[in-house]
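Numbering (the UniProt record's numbering), first residue to last: 1 to 59.
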């Protein structure tokens, strides 16, 4: 049985201006995940990803 999960994440450190958001989005599309990723006002990147557990873990 396939397990589906939803995760919220927030990444701290040097994540803006280094293509982190684009890489995360492209990788999620490649893994057939859904959700979003965005820059925050605090200088972090946050998002939600939903999909099969093992694909989420490889994201």
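Yeah, the Cβ is synthetic: ideal placement off N, Cα and C, and Gly gets one too.
For the alpha helix (DSSP H) that residue 38 lies in, which residues bound it at each end? Premise fails: residue 38 lies in the beta strand (DSSP E), 34-39, not in any alpha helix (DSSP H).
Could you give the distance in angstroms between the alpha-carbon of residue 49 and the alpha-carbon of residue 3? 14 angstroms
Alpha helix (DSSP H) containing residue 24: first to last residue? 20-30
Boundaries of the beta strand (DSSP E) in which residue 45 is found, first to last residue: 45-52
Cβ-Cβ distance between residue 6 and residue 44 below 7 angstroms: no
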